[in-house]
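Note that the protein sequences, when read in sequence, are chains A and B.
For the working numbering, add 14 to where a residue sits in the first sequence, where the first one is 1.
For the working numbering, add 134 to where a residue sits in the second sequence, where the first one is 1.
For each residue, glycine too, the CB sits at the ideal point set by N, CA and C.
Treat the numbers as computed from the prediction; the structure is a model and nothing was measured.
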Amino acid sequence: MFTRAMLTLCILIGLALPQAWGEELRTFSFLPQWLPQAQFAGYYMAYEKGFYKKNGINLMIMRGGPEHPPTETIAQNRVNFTTMFLSSAIKLRDQGVRLVNIGQIVQRSGFILVTKKTSGIGSPADLRGKKVSLWTDFRLQPQAFFRKYGVEVKPVYQGATMNLFLRGGVAAASAMWYNEYHALLNSGLNEDELRPFFFDQHGLNFPEDGIYCLEETFRRDADLCRRFVRASLEGWEYAFANPEESLDVVMRYIRKANVGANRVHQKWMLARMRDIILPPGNNTALGRLKREDYLRVAGEMKGSGLIKEIPPYGEIYADCTSRK
Amino acid sequence: MPTAPLASKRRGLAFKLSLLILTATAVIFTAAFGYNYIYSRNQILKDVETNAQSLTLAAVSRIETVLRGVEKDPSYLAHALSENKFDRRALLGRIEVLLNTNPDIFGSAVAFEPYTFDPKSRYFAPYYYRDGGSLKLIYLGNKLYQYFFWDWYQIPKELERAVWSEPYFDEGAGNIIMSTCSIPFSRKNGERRVFTGIVTADISLDWLVDIVSRLSPYESGYAFLISQSGVFVTHPDREVIMRESIFSVAEAANDRELRETGRAMIRGETGFVALKKHFSGQKAWMYYAPLPSVGWSIGVVFPEEALFAGLKDLTRTVLIIGTAGFGLLFLIIVLISGTITRPLRTLAGKAAEIARGNLDIEVTEVKSNDEVGDLSRSFDNMKTALKKYIANLAETTAAKERYESELKIARTIQMSFLPKNFPPFPENIEFDIYATLASAKEVGGDLYDFFLLDKDHLFFSIGDVSGKGVPAALFMAAAKTLMKGTAGRDMAPSEVLSRVNRELCLENDSMMFVTVFCGMLNFRTGEVLYSNAGHNPPLVLRPGQPPEWLPLPDGFLLGTMEDSAYETRRILLTPGEMLLLYTDGVTEAMNGEKAFYYEERLIRAAKDHEQGSPKELVREILQSVRDFAGSEPQSDDITLLALSFRGRAENRS
């Protein structure tokens, strides 16, 4: 058991390819915020299809995972680009790390609280006094949710699996719609046996995965940052247009990293990523952070005392989606 | 004449017979074969299930014994920890002893809640594990491995009972598959018991994998183990182990039944189900049973091909025998039906020949003493009878034709008795007479007659003989001839009738009779002497006056009573007056509704045409009768006679 926790060395998947054309390629590193999975299919496809190279970037994709928290890695300037939740970035900025959002990828929150119908929880109020497992780093949204409905729950630390919830140790558990929710389905629970609470349906839409770099990186190489974002967005568009090919690539990355995951799970994840990256009815351009979304998240954080001040929108966000 | 039904054959009897028998045989064979197949198949499945059940349950009980054994010592330790406080050395000693007495246990830890063993230390979790032949001790817990947030610790803590973890690969122990049994313990804190920590025992599952892998009795079969979440713990395909779950496999193949089977498996049920092809590359059956202590489930897969190999061979053999038998049966039926139908076909040919009129054809004798022989003999008899009958029929027909021709001649002769040239006496302008007899289809007995007695007198008569046909015609001829021969200038009409009556009675054995009205016109004076023998009263038409019936004396019809008496009456016609005589064929003419023409219509018709000549009057009335009758066939002779008195020429001029 403990051996699972042993650190594995960072695996660099990016291999330096011979330069295809005259322009000198600049080498950059990129750390996805978690283990290889379809959550990062867009970046993988941008890499595989040469969109980064086309933009003059020789990218090294580092292996993410619990051992490589993106917040620490970027704070210590050990990577050029990384992805993280908007709330994590705001907190980091509040802590004095001068990082910039150069592209907001996930527009709709995929974060949910899931309950079994058998537990009789039909509305948020029914959670009162119930054991709810929460991730240490992602308590902001559920807590805002509990506050909104005036319920107090018994928080339980949520580990890496959904087993505590599956075995009935807690009444509700945190889950990402694209990941843990499907893991429950893959453990034999049917969708009609589950009652999920989508935070975005309760006025708490916190945009999630965004692309971040340090302010100094952006100041120095603003054009390359833009190119990186554009290539990444192109990668996402490609991944959504070619899901099977993208799943092949994702599965290859997963096998290389020796992570236990199966294709149907990744297929579900890719489909859900599309739902939250390009949510229907959202008129925001792909990759852009909306001011009101930002202010909602930052305001909630300030209100709950997680940050002291709301960093100005113009300082934390740099629009890199359009050509300058 | 018989037409040719015998000649119409589309599907032969042999064909029908073969089809019927072979179809019936095929149905019976298929039913028997199908039943046998299904029964055998079910029997095999039942046997396999029973076999799999006993094999699996034996394995399950072996596994359970080990697992329960593994649970025992950590449970004692947990119990001891909840009752007593150990110092570090005593605790480590207890764990060492536990490992030394349980070779199945790979490693064991006692993990405490933060700050409970040592109030200064957040982590306290000594862990012994086997390394080669010796035991190694490490202390779990640091900032990166906060053990109390892990499943092996958290789940038993929250559930407050012993829990076996999901299986996992332990890289440190040589990448073997392991599971951890975690037993929570608590301590009394005042009145309440407070959760204090977890005792664990890690066991390698290699032995279990081994037992499971040997569960399938078939070379091509296999067994697998899934965890409580449906994840494959063991499987012949290493790629799926710990990566796929039975549910992800079901989702990938969109197999809802497999998903339900998986749900039944993780619920701890047992069962025997069919698996679709995608699961193991071919159709298969699976027996599944739970490992209750860990909540996992074993599935033993039997490829259908292996299960039904024997049945398949048997089926093939039975099918070959069946097909051969079927062929043989077909040949036999064709042969038998051939011997039956060959003489029948010959007979059918002869019958067609006979139908064409060749009655002299030879019907070959069929010697067989069966139904076909009977048929052949009956057929010969029929042919002979037919021949005789046809000869008879020809004779009869000839006789009938002759009779009909004779009848026709009789009719012609009868009609030729009646005066038919009009005007009959063109030189006598004092009167005008016209008569017609429209005969019905059969020969009837109506008659009319008129002739001059001298230069001033005209005799006229009308009559109707009872009955129809040749007898009536002959009787009519006799009556008419008698009347003509009897009538004279000096004889009153009543006398004429009396004499004719006596004559007719003399020879009338057949008791026929005739009604007659006769009269004698003095066409100088217009005086009419008349008498009647049971005939309809004539009409008197006087210009400007309504037609009226001529008053008649009594008088019985002629030919039945010899001494009947008749009376002569007198009427004086003035020029322009007319007498209309008719038979009951007029008044009793029927239309389509079976209504009679009746006297009223006659009066009306006569009135309408009294201005015309006798010829016109007669023709118009006849037309009126025909119009009335419409398409109804005429059933009786219709006879009309009109006599118009004009007076002398000098009187008129």
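About 19 Å separates the CB atoms of B:A667 and B:A607; that is not less than 8 Å, and the two are not in contact. B:K501: not part of any beta strand (DSSP E); DSSP gives it neither H nor E.
B:I467 and B:F413 have their C-alpha atoms roughly 50 Å apart. When DSSP states are grouped into helix, strand and coil, B:F381 belongs to the helix group. In chain order, H196 place their CB closer than 6 Å to the CB of A:W282, counting only its own chain and leaving out the 5 sequence neighbours on each side. Following the DSSP letters along the chain, one finds B:E325 in no alpha helix (DSSP H), marked with neither H nor E. The straight-line gap separating the alpha-carbon atoms of B:G726 and B:M549 is approximately 28 Å. Rounded to whole angstroms, the separation of the alpha carbons of B:S778 and B:Y568 is 9 Å.
The beta carbon of B:F246 does not come within 8 Å of any beta carbon belonging to chain A, so the residue lies off that interface. For A:H196, no beta strand (DSSP E) run applies; the uninterrupted alpha helix (DSSP H) run containing it begins and ends at 194 to 199, by DSSP. Restricting attention to beta strand (DSSP E) runs no shorter than 3 residues, the region 200 to 274 of chain A encloses them at 208 to 212, 224 to 228, ordered along the chain. Judged by DSSP secondary structure, B:P477 falls outside any beta strand (DSSP E) and instead within the alpha helix (DSSP H) spanning 443 to 489. Contact check for B:E733 against B:G746 fails: the beta carbons are separated by 8 Å or more. Beyond the five residues adjoining it in sequence on each side, B:T159 comes within less than 8 Å, by CB distance, of F460, L463 in the same chain, given in chain order. Look at the beta carbons and you see the region 657 to 665 of chain B touching the region 704 to 714 of chain B: at least three pairs across the two are nearer than 8 Å. Straight-line measurement puts the Cα of B:A486 at about 15 Å from the Cα of B:K521. Less than 8 Å separates the beta-carbon of B:A259 from that of B:Y281. Taking the C-beta atoms as reference points, A:V278 is found no nearer than 8 Å to B:S216.
When DSSP states are grouped into helix, strand and coil, B:R222 belongs to the helix group. Straight across, the Cα-Cα distance linking B:C315 with B:G355 is about 31 Å.
Taking 9 Å as the Cβ-Cβ cut-off, the region 326 to 350 of chain B approaches chain A at T334, D336, given in chain order. Here B:C639 is not bridged, per DSSP, to any residue.
Only L278, Y279, F283, W284, D285, W286, Q288, I289, E292 from the region 275 to 292 of chain B bring a Cβ to less than 7 Å from some Cβ of chain A. Residue burial annotation: B:A408 is exposed, with fewer than 16 other C-beta atoms found within 10 angstroms of its C-beta.
Of all residues in the region 178 to 212 of chain B, none places a beta-carbon less than 8 Å from a beta-carbon of chain A. Pairing B:G619 with B:L587 gives a Cβ-Cβ distance that is not under 8 Å.
Runs of beta strand (DSSP E) with 3 or more residues, each lying fully within the region 360 to 443 of chain B, are found at 366 to 368, 405 to 409, 418 to 425, 430 to 437, listed in chain order. Under DSSP, B:A245 shares a beta bridge with B:I332. When C-alpha distances from B:S195 are compared across B:K291, B:P424, B:F240, the shortest belongs to B:P424. Taking C-beta atoms as the reference points, A:L113 and A:L228 count as a pair closer than 8 Å. Residue contact check for A:V128 against chain B: no CB pair falls below 8 Å.
Contacts with chain B (Cβ-Cβ distance below 7 Å) from the region 266 to 289 of chain A involve G274, A275, N276, R277, V278, H279, listed in chain order.
Relative to B:V604, the option among B:V577, B:V204, B:D181 whose CA is nearest is B:V577.
Secondary structure note for B:Y732: it is in no beta strand (DSSP E), and the uninterrupted alpha helix (DSSP H) holding it is 732 to 742. Residues of chain B whose Cβ lies closer than 7 Å to the Cβ of A:T175 are, in chain order, D285. A:A52 is the residue among A:A52, A:Y331, A:R40 whose C-alpha sits nearest the C-alpha of A:W191.
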